[in-house]
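Quick notes on the structure that follows.
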């Protein structure tokens, strides 16, 4: 897959490509989230309404909390004529499970909102300013003249709300709210969805969070807050490790904290460190000093050695970045 | 104040009443939240733009997190010609502090979204389906032909987002998202506001939450979850008791829990119990059995006696309601 070999389509052109096709395989990204699953299911039901053969394929199982979107999972029951990826920024993100690689050698269409999309598909509908791929797919389904049923609205609302932390993250634009309003008018069950997606935590997750909060430490005059979970603690709480992702936003949410750190011990013993920063502090610069990377406000790295070593290594890099002369924005 | 003696106005009529007045006193409710403060400040700046004299009065201090809305606080510098209440459902909610009672004997105008508004004002703009009073005030300010400046947009967004838990609560309607979109287009600083309003917790609040989570108990086969804080714990954590309100949503957020209980010991030693329920379970019915009251999904009561007595009293009422034959909705 060469970078940037893709041809950019607008919403209308993407709708026409889909309308012209049959036997359509929809690909989600690995470690599927609400946006890729919501889009996969919404597109499946839109294509079904057009009496096309379609199914969804993902390298990993669909998480239980998104099961209600009820995607038809691909079991090889047709020969894909068109492969379309939803919310997948690069080929690596397709993953390896469920026989996915045999369908990613040539991806025909891609609908995505990641500004860094590598351009792996033949045709791409990309809007890096969209808060979720679901925002784009909503437009595409409307352009295909398929009715947004309450179920399709639920699927798209799942993508929109999970990718924006229920309209809280900075990615939320005026257009995001407009799309949410349209999905509600189309019958999305927003009350039930918000409870399911944002206000339901497993007992195991509660237990792991309790332990992590008991480990809360302040460093560097309160400018840095740190929580951690050892492997033993993660295993004893029996939490699904995917459920711990949200914990990484906890330390940075404390008043006065500029850098929030979450250390989770991995099965091999190393510590995975999630770095979250307040506006004006570069998380990626911190992670990069220890061989990691990421975005400006959210980055990560992995350190071998015991907890104390991992802590002191990351804290000295945090201190270096916090005490560096402030660059002009 | 007689109940229901008010005359209902529409948005246009309310705008005309305000346009015709000068020396306008804006009243907020006691224990001010983001909606009453946001509306008070937004209306003050709208009236200022019309070169009217106006100021805001509240029985309690404006919480620090809403200080940025910068309401001009009333210091008796003019003789109010018109008194307008924002987000105040009944006269009792004005409170007693700051000389408020001398201005609540006759309230001219009221802009509110509480379906149970007692009709205490001479003229009322009421929409019980609006998610926040800010949603209505936005329409009124537009009808007054005042430009929604970025600051007015910030004030109204504060009301809209805090009253809906950032668009998560069931009160959120399609129109709520439409108003949010318009406020963003008017220049509301949504990223900074969301961080301030939803992702900033004090160290004291973190400590109190840590203690409460260590007290998490499951009862009635996991259908009921309970947390508590004794007076000593509240005082030792030095948390502002107002900051504990949000904790009441914690137990009900656990998978499988139908009734979530939060017990907070009051300065006099009694336990204030907050009852939150899943859909289909009547929180008010539980609280009423112990002399309390509230809404269907959120209610409360207060019990004398020690922690063990309070727990067993409330748990037996929870059990009675959970085990009662299910009424048809």
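Residue numbers (the working numbering), protein chains in the order written: chain A, 793 to 1121; chain B, 793 to 1121.
The C-beta atom is built at its ideal place from N, Cα and C for all residues, glycine as well.
Small disclaimer: the values here were computed from a predicted structure and weren't measured.
**Q.** residue 904/A, enclosing beta strand (DSSP E) - first and last residue
**A.** 901 to 904
**Q.** Opening and closing residue of the beta strand (DSSP E) in which residue 848/A lies
**A.** In this chain, the beta strand (DSSP E) harbouring residue 848/A covers 846 to 849.
Q) What number of angstroms, rounded off, separates the C-alpha of residue 977/A from the C-alpha of residue 1072/B? A) 24 Å
Q.
Could you check whether residue 1075/B and residue 1093/B sit closer than 8 Å to each other, using their CB atoms as the reference points?
A. no
**Q.** At least 3 beta-carbon pairs within less than 8 Å: the stretch 992 to 999 of chain B vs the stretch 938 to 956 of chain B
**A.** no
(Q) In the DSSP assignment, the alpha helix (DSSP H) including residue 886/A goes from what residue to what residue? (A) Counting along the chain, residue 886/A falls outside any alpha helix (DSSP H), and DSSP gives it neither H nor E.
Q. Taking 8 Å as the CB-CB limit, is residue 1013/A close to chain B?
A. no
(Q) Can you tell me whether residue 822/A is helix, strand or coil according to DSSP? (A) coil
Q) How many Å lie between residue 827/B and residue 955/B at the Cα? A) 6 Å
Q | DSSP three-state assignment for residue 1104/B, whether helix, strand or coil | A | helix
(Q) Going by beta-carbon coordinates alone, are residue 932/A and residue 903/A separated by less than 8 Å? (A) Cβ atoms of residue 932/A and residue 903/A: closer than 8 Å.
Q: Locate the alpha helix (DSSP H) running through residue 990/A, then write down its first and last residues.
A: Note, residue 990/A: alpha helix (DSSP H), 982 to 990.
Q | Which listed residue (1022/B, 804/B, 814/B, 898/B) has its alpha carbon closest to that of residue 1159/B | A | Absent from the structure is residue 1159/B, since the part of chain B shown begins at 793 and ends at 1121.
Q) Shorter than 8 Å from the beta carbon of residue 867/B to some beta carbon of chain A? A) no
Q) Using the beta-carbon count (16 or more within 10 Å), is residue 863/B buried or exposed? A) buried
Q: Can you tell me which of the three DSSP states residue 816/A falls into?
A: strand
**Q.** Three-state secondary structure (DSSP) of residue 917/B
**A.** strand
Q. Under 8 Å Cβ-Cβ, which residues of chain A neighbour residue 849/B?
A. None at all; the shortest Cβ gap to chain A is about 29 Å.
Q) Buried or exposed: which applies to residue 907/B, given that a residue is buried once 16 or more other Cβ atoms fall within 10 Å of its Cβ? A) exposed
Q. Roughly how many whole angstroms lie between the Cα atoms of residue 795/B and residue 958/A?
A. Note that residue 795/B has pLDDT 49, beneath the 50 cutoff, so the model's placement of it is unreliable and no number is given.
Q. Whose C-alpha, out of 928/A, 807/A, 914/A, is nearest the C-alpha of residue 920/A?
A. 928/A
Q) Straight-line CA distance for residue 937/B to residue 811/B? A) 10 Å
Q.
Looking at residue 1065/A: is its Cβ nearer than 8 Å to the Cβ of residue 1106/A?
A. yes
(Q) Can you confirm whether residue 787/B, when its beta carbon is compared against all beta carbons of chain A, has any partner nearer than 8 Å? (A) With chain B running from 793 to 1121 in the structure shown, residue 787/B is simply not present.
Q: For the beta strand (DSSP E) holding residue 1092/A, just list the boundary residues, first then last.
A: Boundaries of the beta strand (DSSP E) around residue 1092/A: 1090 to 1095.
Q: Leaving aside the five residues before and after residue 1000/A along the sequence, list all residues of the same chain whose C-beta is less than 8 Å from its C-beta, in chain order.
A: 1021, 1025, 1026, 1029, 1031, 1035, 1036, 1039
Q. How many angstroms separate the CA atom of residue 830/A from the CA atom of residue 1003/A?
A. 32 Å
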